[in-house]
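Data first, discussion second: the structure below is written as structure tokens.
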Amino acid sequence: MGLGLVKNVVIVGGGTAGWMTAAALSTLISNGCKIRLVESDEISTIGVGEATIPVIRGYNQLIGVDENEFLRQTQGTFKLGIEFVNWGKQGDSYIHGFGVIGRDQLLAKFYQYWLKLYQDGQVPDIEHYSINTVAARKNKFLRAVSDSTGSPLSDISHAFHFDAALYAKYLRGLSEKRGVRRTEGRITETVLRADDGHVQAIVLENGERIEGDLFIDCSGFRGLLIEGALNTGYEDWSHWLPCDRAIAVPCESVSPLLPYTRSTAHDAGWQWRIPLQHRIGNGHVYSSKFMEPEQAESILMNNLDGKPLAQPRHLRFTTGKRKRAWNKNVVAIGLAGGFMEPLESTSIHLVQTGITRLLTMFPHKGYDQPDIDAFNQATDEEYAAIRDFLILHYKLNAREGKPFWDYCRNMEIPATLQRRMDLYRSNGRIIRGSDELFTETSWLQVMHGQGLRAKGYHPLVDQRSAEDIAAFLGNVKEVVLRCAEHMPTHEEYIASCCAA
Ligand code: FAD
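Take -2 as the starting number for the sequence shown in my numbering and just add one per residue.
Dropping the structure here:
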């Protein structure tokens, strides 16, 4: 990639976002461009981003990281989806499994056939047709097997759980080998150019001044440049996504090693459980309007599977996004750009898409407003679609009598989300934009899992007889089950990946 005028890139911050950006840029940008990363050892990273979605594999491929090496370096495990416990109502459990479900037919999608018979009470829940979910329930794992027979084994879609601090350390080593210069120090001042208000330099506590043409703000929630220096503004979404606190604590591992994240609803939020090889990451995300920190901490500590390994850490956040991710010569990536809470593990994904978008729109000949506007518009659309998907989990709950959940069930929601829910309720139709992250099957699993029921189904399904459809669905269910039974356990599979 040629860079023209942009010769000095300065990355501010060395958390997951900073080092992911450094590793990608140092791999893909050449032409004499210098990349510097500044981080402060005194200001700790957030360090709790441990669950991902399958697109992370694309990032690792992009920077040339072997998957087994990655698992070894980060104490990583595989993730087939997320189990939601007590979310619809107390006692419920459903899994949002990654990947496709069944085989779409010429006339209609697979789930439309399932809807018809499910509405008649003839077939079980949709999860019985998903290889990811059936395998997850059995603690089994296998990477997708490519074959021409159309076996469900070729549909397995995986992501990872990993230790974020180890991942950042690994990426740092890789970036430094590829020429990134790291500087340790606390940034105390930002110098703006008088003519256009662009950032000219940052100044460290020891007086060192670092100049740059492009600054990538990966400084976390504080948004040192994008907000601190440029006052870009923040769109607050806490009326839709009301959790604003989290408490994180690791605990000892227990057997079996689950190949999925668990999210358990509590009275004013939910608890995550992320199994790694060496420990389990846990956290309680809650709303401070509905619960005191002491109560939230005691709920978390009373619901750990193993002995705690550290003191619980309390974190604060405001769900929402920066009004512009790219402002003048500053691009915000990671928490500096926004945060929508970790319910569907989308933050690291947003780091990844921010990097990809920046590479696509790189200001190699200087800054053009149409490019900046296109970058910001794409970012806004991506955030809005993910936001709607997250709100869906809260809105569709039947946890009556709990003030937090009553608020969520009754809150106004974006019109875009209301339309999606209405369309599904009427005839099981699911609409989504072509660039959206979450697929139709993701929307289906969460809408259905949270208790929304479609009244109808696609009319073309009636071209086939009910007996024919029953045989078709029965066959898929049986093959999925047989495949899952043949897979190794997650623990066995990890051991084979991590063997020296
Ligand atoms: P940080 O980790 O905060 O890093 C900021 C960096 O900036 C640090 O290196 C710091 O030293 C540096 N810095 C700041 N100020 C200065 C200064 N003045 N001078 C010098 N350096 C400075 N994401 C997922 O994808 N999956 C998850 O499961 C998940 N769970 C989460 C749970 C919670 C409760 C939270 C809050 C977030 C979660 N995330 C998750 C998000 C994920 O943690 C972040 O997206 C990711 O860690 C990136 O953070 P960051 O690098 O932007 O910021």
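Cβ coordinates follow ideal geometry from the N, Cα and C atoms, glycine included.
Remember, it's a predicted structure, so these values are computed and weren't measured experimentally.
Please list, in chain order, all residues of the same chain as residue i whose beta carbon is under 7 Å from its beta carbon, the five residues on each side excluded.
i: L112; result: G425, A451 and Y454
i: G(-1); result: Because the pLDDT of G(-1) is 37, which lies under 50, any placement of that residue in the model is unreliable, and the number read from its coordinates should be weighed accordingly. Excluding residues within five positions, the ones whose Cβ falls inside 7 Å are N28 and H361.
i: I345; result: T13, G46, T49 and I53
i: N203; result: G182
i: D365; result: none
i: W16; result: A165, L168, R169 and S172
i: G220; result: D214, R319, A329 and A333
i: C480; result: I128, S148, P149 and L150
Are the beta-carbon atoms of residue i and residue j separated by less than 9 Å?
i: A245; j: V45; result: yes
i: G278; j: E64; result: no
i: A161; j: T13; result: yes
i: L222; j: G194; result: no
i: E181; j: I199; result: no
i: V6; j: I184; result: no
i: L387; j: T343; result: yes
i: L508; j: L389; result: The displayed coordinates of the chain run from -2 to 497. Any statement about residue 508 would go beyond what the structure contains.
i: A156; j: R54; result: yes
i: S172; j: A333; result: no
i: I383; j: E341; result: yes
i: Y108; j: E437; result: yes
i: S431; j: T315; result: no
i: Y404; j: P290; result: no
i: D233; j: G317; result: yes
i: Y110; j: V458; result: yes
i: R319; j: G335; result: yes
i: L306; j: P247; result: yes
i: L393; j: M444; result: yes
i: M418; j: L441; result: no
i: G363; j: V3; result: yes
i: P149; j: V476; result: yes
i: L347; j: E379; result: yes
i: H158; j: L273; result: yes
Would DSSP call residue i helix, strand or coil?
i: S143; result: coil
i: K174; result: helix
i: Y490; result: helix
i: L0; result: Confidence at L0 is low in this model, with a pLDDT of 39, below 50, so its placement is unreliable and no value can be given for it.
i: G278; result: strand
i: W84; result: coil
i: Y108; result: helix
i: P305; result: strand
i: H483; result: helix
i: D233; result: strand
i: A21; result: helix
i: F372; result: helix
i: A14; result: helix
i: I518; result: The structure shown has nothing for residue 518, since the chain only spans -2 to 497.
i: N326; result: coil
Which residues in the same chain have their Cβ closer than 6 Å to the Cβ of residue i, if we skip the five residues on either side of it in sequence?
i: S127; result: G94 and I98
i: R321; result: T229 and N373
i: E488; result: L254
i: Q87; result: none
i: A381; result: none
i: G176; result: S23
i: Y490; result: F138
i: M288; result: A265
i: M358; result: D368 and F372
On the criterion of 16 or more Cβ atoms from any shown chain inside 10 Å, does residue i qualify as buried, or is it exposed?
i: N300; result: exposed
i: D152; result: buried
i: T18; result: buried
i: R206; result: exposed
i: G85; result: buried
i: T376; result: buried
i: G1; result: Residue confidence for G1 is low, a pLDDT of 43 falling below 50, so the modelled location carries little weight; the figure read from the coordinates is stated next. Exposed, since its Cβ has fewer than 16 Cβ neighbours within 10 Å.
i: G351; result: buried
i: E124; result: buried
i: P256; result: buried
i: T74; result: buried
i: R178; result: exposed
i: K174; result: exposed
i: G471; result: exposed
Using C-beta distances below 8 Å, list every residue in its chain close to residue i, excluding the 5 sequence neighbours before and after it, in chain order.
i: Q460; result: L104
i: H275; result: Q72, D160 and S250
i: R416; result: I428
i: A395; result: G85, K86, R406 and G448
With 9 Å set as the bound, which would you pick, yes or no: does the beta-carbon of residue i sit closer than that to a beta-carbon of chain B?
i: N83; result: Absent here is chain B; the protein component of the structure consists of one chain.
Quiz item: Would the segment 55 to 62 and the segment 208 to 219 be scored as touching if the rule is three or more Cβ pairs under 8 Å?
Solution: no
Quiz item: Counting Cβ pairs, one atom from each stretch, are 3 or more of them under 8 Å apart for the segment 292 to 307 and the segment 322 to 335?
Solution: no
Practice problem: Decide if the segment 137 to 145 is in contact with the segment 258 to 273; the criterion is three or more beta carbon pairs, one per stretch, under 8 Å apart. | Solution: no
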